[in-house]
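J.: The structure is given below, and queries will be raised subsequently.
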Amino acid sequence: MFRRLLVIAALFSPLAPLAGQVIDANITTQNRSSSTVADQISDADERAAFLALFKQGSPAQMLQQAKSFLAQFPQSAFLFQAYEVAARASFGLEDYGAGLNNARESLTLLPENPSLLVSVADVEAQRHLNDAAISDARDAIEYLDRFSAPATVAPEGWPELKSKLKATANFAQGRALLEKALALSKGEKRDAVLKDCMASLAEAQMLNPSDLEITYLFGLAQLASGELQPAAGSFAKIYRANGSLASKALENLHSIYKMLPLDSRDTFESFVQQAERQDSASSNNRVAAVGSPSVQTLSDYAGSDSCRGCHSSVYRQWSQTGMSKMLRSYAPQNVIGDFQNKNEFYLGDEAAYREGKVEFANGRKGTLFARMVMRDGRHYFDIQQSDGKLHTYPVDYTIGSKFQQAYATKLPNGEIHVFPIQYNALQKRWINYWRIIDGAASERADLRSWEKLSAATSYQAICAVCHTSQLRNVKGGGFDVNNVEYREPGIDCEMCHGPSAQHVADMTANEPYPKRAIDPPVNFHDAGNRDFVRVCSQCHMQSAIRASGPHGELNYSRSSEFFLNNPSIPFGEFSRIGFYKDGRFRQTTFIVEALQRSQCFKKGQVSCGSCHEPHGHDAASNLTSLKFRGQPDLMCTTCHSQFQNSASLAAHTHHRVDSEGGRCVSCHMPRIMDAVLFRARTHQIDDIPNGDMTQRFGQEESPNACLLCHSEKNAGWVKQELQAWKPRPRG
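So for the sequence shown, this note's numbering puts the first residue at 634; every next one is plus one.
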């Protein structure tokens, strides 16, 4: 099984240069990037060494290429790929210890690598590292379901490959669980572990029924569980196949045969034939039981106004939030930009955002690009185009209302286009924001491309999926500059709570009905954290690949669940501008992805609603919708109650309770994520200051929470301090 796995995994990641998907864009099945990450490497020697990693060769040759890259470029942004090549090459050389070490280095920098995790779990299970194998296999299975096919795999070949990888992950997990179970004394705990083991192996069998090693292990688990007849069926199948495991299967069949009561025994051959028939019938029943899932048609959408009658207070509070104001038709009082004083933008005006700081270059000696003005009480953009003249466009929409505001105009043909110049409320000036987040190469970052009025500036194609509600292509199909309409501007009640026409009708008729928490209208108080976050991820997940529904639905569904469960692009395929070199997310567009890395999310019940109130009473002043503005530690100590005690908190933080260093979020959620020209807190909640990473990559590429306050110190000091904090072993 293990040798076959190496062949499977070698079919893709990382054995080809991966794509370089842009950040802060509406990623669809049609516009997935075809550029490569190699294009991002400016150093010619590093680029050549990086590309050499993907040249097929013997395991020894590939290991040498990886070692050479790691030695030459120890601060590269692509170390996760070099370590993965080293891991797979080491596995191929049967140096499993080195392979696991290299794999762990790669997974530290890019944890969401299911193909590597499958390989690692398989090796760990064989080396009796059972807890690690179980954990890595479960992560691999989750990621295989969560992420789309890698760009290096042909779409038509992905389903089969995915099934084999999931089968192997389940096999590794089942193997580790069986070994753990057999080490336990008989009782409820052993029975529970065996039950989990058999569930994993049954899944592996279903995904890869031709793999007799899975069937053999399943038979051992059945035998350990006392299920003699099913175990006999599994071993009979292997025995009849007459493969490498046939002799072992025969031994087990004889053992089971001897366990049967004397008065119920037939001849051994009849016993085997009967077991084989029973196994075949059981397999057919399992396949039939899977079937096709039933599709439930959802209620119609009623609109936000229908909520106002019964939920007037919540409706009023929601209407003051940033979500309700994501897109608004033009009204003078909604405009926050300066259209009267500092209202000119020149082609040479640039803003550089680095390490949380903004630097501006003045281009006023250059060519005027835009003048934002008011005429007769209305707001306009005057934009100079290639004919040398200023062309006037009215502001027809405002986008955003808190930290930054963009503006859009509606053309006579119905298209809505977003002006390339946005107003940053914190800096109180106009900026070319797309150039900051995209770099100079993208079409929308080039101010002179505005007059094309192409998809690069189209609100419908780029922005509407997260800024408007119930978006659809009226002619069917995907995102388009034409034929796209929305039910409500901004984020309405039903984007989060689901279609509620039936609920409104039933409540009006005073006919309450039973439903699950996740059924519309969603009861977030009782919903599980994963469903809660999936609703929020409709807009707050950068990596989602969006596809249209059968009737042109673009950000909602009319059947099953109302919120779309979009697959994600593998993180290794994104432009590295979205990541620090230490692997952490750099930009807040990846806010959900960061949260999903947290143990608080994976093993606890943390959701967005644990810390944020989406329609609180103080939206005007509480721009980040925090629940515990005055007592931020409550975000953590509600679960980690041992730190509600001041003495315990001080002992844990090694800072005064009333100091910034005494706050949980200062160390575990430092402000290292780039938002709209300010630093927001990372949502990889269990982040811990790591002196080794900062020493390797520097504070700019591995920002350390300790050094955000103690800026006069260095990474070496951090390592010494953290080491001193560790409790000394008792002598």
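Glycine is no exception: its CB is placed at the ideal position from the N, C-alpha and C atoms.
Leaving aside the five residues before and after Arg-1191 along the sequence, list all residues of the same chain whose C-beta is less than 6 Å from its C-beta, in chain order.
T.: Here the set comprises Leu-931.
J.: Considering only their Cβ atoms, is the gap separating Gln-1317 from Phe-1218 smaller than 8 Å?
T.: yes
J.: Give a yes or no on whether the C-beta atoms belonging to Ile-847 and Ala-800 are separated by under 8 Å.
T.: yes
J.: Apart from the five residues on each side of it in sequence, which residues of its chain come closer than 6 Å, Cβ to Cβ, to Val-1155?
T.: His-1130, Gly-1131
J.: Tell me which residues share the same chain as His-1248 and place their Cβ nearer than 7 Å to its Cβ, disregarding the 5 neighbours each side in the sequence.
T.: Non-local beta-carbon contacts of His-1248 in its own chain, meaning distances under 7 Å to residues more than five positions away in sequence, involve Val-947, Gln-950, Trp-951, Thr-954 in chain order.
J.: What is the C-beta distance between Arg-721 and Ser-701, in whole angstroms, given that I count them as a contact (C-beta under 8 Å)?
T.: In fact, because the Cβ distance is near 16 Å, the residues do not count as touching under 8 Å.
J.: Closer than 7 Å by C-beta to Leu-980: which residues in its own chain qualify, once you throw out the five before and the five after it? Chain order, please.
T.: Gly-996, Gly-999, Thr-1000, Phe-1002, Leu-1080
J.: Quick one: Cα of Asn-1278 to Cα of Ile-1321, how far?
T.: 21 Å
J.: Answer yes or no: do Thr-1327 and Ala-1348 have a C-beta to C-beta separation smaller than 8 Å?
T.: yes
J.: Do Gly-1182 and the ligand SAM come close, with the Cβ less than 7 Å from some heavy atom?
T.: Looking at this structure, you won't find the ligand SAM or any other ligand, since it has none at all.
J.: Relative to the C-alpha of Leu-853, which residue among Gln-698, Phe-804, Phe-1311, Leu-1341 is closest?
T.: Phe-804
J.: Just the C-alpha distance for Lys-958 and Gln-1038, rounded to the nearest angstrom, thanks.
T.: 10 Å
J.: Quick one: complete beta strand (DSSP E) runs, 3+ long, within the region 1015-1054?
T.: 1023-1027, 1030-1032, 1037-1043, 1049-1051
J.: Which residue marks the beginning of the alpha helix (DSSP H) containing Phe-713, and which one marks its end?
T.: 712-725
J.: Please report the distance separating the alpha-carbon of Gly-876 from that of Asn-841.
T.: 17 Å
J.: Run the CB neighbour count on Tyr-1146, radius 10 Å, all protein chains shown included, and call it buried at 16 or more, exposed below.
T.: exposed
J.: Tell me the rounded alpha-carbon separation between Arg-771 and Ala-802.
T.: 7 Å
J.: Over what stretch of residues does the alpha helix (DSSP H) that includes Arg-779 continue unbroken?
T.: Counting along the chain, the unbroken alpha helix (DSSP H) around Arg-779 starts and ends at 763-779.
J.: On the three-state DSSP scale, how would you describe Ser-1181?
T.: coil
J.: Scan the region 1051-1137 and note each continuous alpha helix (DSSP H) run of 4 residues or more that stays entirely inside, going in chain order.
T.: Every alpha helix (DSSP H) of 4 residues or more that sits fully in the region 1051-1137 is shown, in chain order, as 1066-1071, 1097-1100, 1126-1130.
J.: Could you check how far apart the C-beta atoms of Ser-1274 and Glu-1226 are, in whole angstroms? I think they sit under 8 Å.
T.: The pair is not a contact, with the Cβ atoms about 28 Å apart (cut-off 8 Å).
J.: Are at least three pairs of beta-carbons, each pair with one atom in the region 1041-1054 and one in the region 1102-1109, less than 8 Å apart?
T.: no
J.: List the DSSP bridge partners of Val-991.
T.: Tyr-986
J.: Can you tell which of Gly-1047, Phe-1036, Glu-717 has the C-alpha that lies nearest to the C-alpha of Ala-1253?
T.: Phe-1036
J.: Could you pull out every residue in the same chain whose Cβ sits closer than 7 Å to the Cβ of Arg-823, ignoring the five residues on either side in sequence?
T.: Ala-814, Leu-817
J.: Which term fits Phe-645, buried or exposed, when burial requires 16 or more other beta carbons within 10 angstroms of its beta carbon?
T.: The predicted position of Phe-645 is uncertain, since its pLDDT is 43 and thus under 50; no value can be drawn from it.
J.: With a 10 Å radius around its C-beta and 16 neighbouring C-beta atoms as the bar for buried, classify Met-1306 as buried or exposed.
T.: When all chains shown are included, Met-1306 counts as buried.
J.: In terms of residue numbering, what span does the beta strand (DSSP E) encompassing Tyr-1146 cover?
T.: Careful: Tyr-1146 lies outside any beta strand (DSSP E) and carries neither H nor E.
J.: Confirm, please, whether the CB-CB distance from Gln-806 to Ala-857 is below 8 Å.
T.: no
J.: Which residue wins for smallest C-alpha separation from Asp-672, given the options Gly-1263, Ala-1074, Thr-1286, Cys-1172?
T.: Scanning Gly-1263, Ala-1074, Thr-1286, Cys-1172 for the CA closest to the CA of Asp-672 turns up Ala-1074.
J.: Does the Cβ-Cβ distance between Phe-1276 and His-1285 come in under 8 Å?
T.: yes
J.: Note down, in chain order, each residue of its chain lying with its Cβ closer than 6 Å to the Cβ of Ala-685, except the 5 sequence neighbours on either side.
T.: Gln-698
J.: Leaving aside the five residues before and after Arg-1068 along the sequence, list all residues of the same chain whose C-beta is less than 6 Å from its C-beta, in chain order.
T.: Ala-1078
J.: Just the Cα atoms here: how many angstroms apart are Ser-1181 and Ser-675?
T.: 37 Å
J.: I'd like to know if the region 737-748 and the region 1198-1216 are in contact, where contact means that at least 3 CB-CB pairs between them fall below 8 Å.
T.: Segments in contact, yes.
J.: Comparing C-alpha positions only, which one of Tyr-963, Gln-1232, His-1173, Leu-1256 sits nearest to Cys-1269?
T.: Gln-1232
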